[in-house]
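Everything on this sheet refers to the single structure shown next.
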Ligand code: C2O
Ligand code: CU
């Protein structure tokens, strides 16, 4: 009998509560903790939007010839405006869920995959049992009920699987969607001019099937890097655009690839939003660094362009400071179509991401607003540990990616990972070991780590690059967006980043981890606990 049948039986009045399967894990000191998630619709939760999402394997015509086997979330709107659920055409990705701040959302997640899964709502401030912690993963045939109120600022959030050790392959096979909290801001492009752009790199074999890591430890150490780009889950990365102003909601949904995004028409990248919503005012950058998990909202005006003009969104070459696999990132520089070929893995290579072709249609020309939102900076003096921030070292130890020397344990939480509810703290993240490591060996295993904390948005208050190689920093320095609200930031080798945040509303266990999904799967993830 699976959990669903249990619940149906209990609905018939059979007292089966005591039989409900609860998952037991041993903590490091041998104690058992019982994990009870949310498997039933709560009658007193009045959902404004009620959605069913079923994760299953399916086939999709991505190329001519064979169909491609993918995983996808099949959505069904049970309650809510039609506009709250949008499918991405010709894509395995999605859906795009569009909601308003303050709305109550219910998502009934059915797992029809062969392995366990769970949905993480990346960037949302919701209770731990709704956040998609790996301990709440459900097996094939089971259902999990997510119920939460949207209390985040309007912005571009996303969702994806988060099961322990197999997040990388599940996202890779196609499971990811956007969760947009609308701002209804009439100064910004909307409707067809408000366009999601989800960037992912993939490898396909001759039969059009996805190729993941080739069971190669070094490959997993580095993380997956593909040889072609898909945009919104579609290999066709050419977009027709009107002579109009656009708002692009860009998500780096790649497992490991970092992009250095730039336009090829010489125009700067106009950033209007980050992970946690709109900036106070637009920021112009020659290029923008976007690490896995991060979002950026970009303003682009095609209004003055001639019909037929094609503008490329590119990723420029950069040095990410990697020194994996001996000899300063020299491993397998096999180039193909401007990117690496399978087996030859490298970040930081130049290639075209997408093309925007201007049609003869005239859309709406808009003026870039000078103010977009109000962001109150969190005062470092308000942090309980302002004199002595917690430190988190991200590094490689004996072929393992670790945080302060530790890897993930399902419910394991150390003293240095416990925080108090209703406090503000500063955390410092360091890409490098704490000096007790193996010196030279550590140096040869240096990689960028996109750091992500669940359950909240934070502000970046310091990015110290004094420990970095100057030549590395020079190639990326103009692309960092430290303004605004963030939930993910890029930590390059030698870099130190201080963030500030407030722990409020919810207690319990959340994870924080490297958003290079292969690093995460290898254990570069830990729990933090908010305690009352
Ligand atoms: Cu988008 Cu824990 O991840
Ligand atoms: Cu990492």
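Numbering (UniProt numbering), first residue to last: 1 to 532. The beta carbon of each residue, even a glycine, is placed where N, CA and C say it ideally should be.
Distance cut-off 7 Å: residue i Cβ against heavy atoms of the ligand CU
i	result
residue 516	yes
residue 444	no
residue 401	yes
residue 410	no
residue 481	no
residue 452	no
residue 524	yes
residue 519	yes
Heavy atom of the ligand C2O within 7 Å of residue i beta-carbon
i	result
residue 160	yes
residue 476	no
residue 449	no
residue 553	The structure shown does not extend to residue 553, since the chain is modelled only from 1 through 532, so no value can be given for it.
residue 122	yes
residue 511	yes
residue 273	no
residue 174	no
residue 455	no
residue 168	no
residue 277	no
residue 546	Lying outside 1 to 532, the shown extent of the chain, residue 546 is not represented and no answer is given.
residue 253	no
residue 155	no
residue 293	yes
Per-residue burial, residue i [other beta carbons within 10 Å of its own, 16 or more giving buried]
i	result
residue 277	buried
residue 527	buried
residue 89	exposed
residue 150	buried
residue 384	exposed
residue 371	exposed
residue 81	exposed
residue 83	exposed
residue 416	exposed
residue 317	exposed
residue 209	exposed
residue 480	buried
residue 464	exposed
For residue i: DSSP bridge partner residues
i	result
residue 497	429 and 463
residue 534	Look at the range of the chain in this structure, 1 to 532, and you will see that residue 534 is not part of it.
residue 263	313
residue 55	73 and 111
residue 95	Residue 95 is not bridged to any residue.
residue 232	DSSP output for residue 232 lists no bridge partner at all.
residue 450	490
residue 180	98 and 156
residue 508	530
residue 86	96
residue 196	249
residue 391	428
residue 401	396
Proximal residues to residue i (C-beta, below 6 Å), its chain only, five neighbours per side dropped
i	result
residue 549	One cannot answer for residue 549 here, as it falls past the ends of the chain, which runs 1 to 532.
residue 139	116
residue 499	427, 458 and 460
residue 265	311
residue 146	107 and 130
residue 364	244
residue 391	428
residue 430	393 and 496
residue 369	187
residue 534	In the structure as shown, the chain starts at 1 and stops at 532, and residue 534 therefore has no counterpart that could be examined.
residue 50	78, 79 and 106
residue 514	449, 520 and 524
residue 201	226, 229, 254 and 257
Whole-angstrom C-beta distance between residue j and residue i, which should lie under 8 Å
i	j	result
residue 490	residue 258	7 Å
residue 37	residue 136	4 Å
residue 92	residue 60	5 Å
residue 356	residue 421	Not really, about 46 Å apart at Cβ, beyond 8 Å.
residue 122	residue 487	7 Å
residue 432	residue 377	With 8 Å as the limit, residue 432 and residue 377 do not qualify as a contact, their Cβ atoms being about 28 Å apart.
residue 534	residue 178	Limits of the chain in this structure are 1 at one end and 532 at the other, which puts residue 534 out of reach.
Residues near residue i by beta carbon distance below 8 Å, same chain, minus five either side
i	result
residue 30	Per-residue confidence for residue 30 stands at a pLDDT of 47, beneath the threshold of 50, marking its modelled position as unreliable; no derived number is given.
residue 205	211
residue 327	Annotation note: pLDDT 34 at residue 327 (below 50); position unreliable, coordinate value reported separately. Correct list: empty, nothing qualifies.
Contacting residues, own chain, Cβ-Cβ under 7 Å from residue i (five flanking each side not counted)
i	result
residue 114	140
residue 193	244, 245, 246, 247, 363 and 364
residue 336	Caution applies to residue 336, whose pLDDT of 35 falls short of 50 and renders its modelled position unreliable; the value that the coordinates give is listed next. Only 227 meet the Cβ criterion.
residue 380	386, 426, 461 and 500
residue 360	307
residue 309	358
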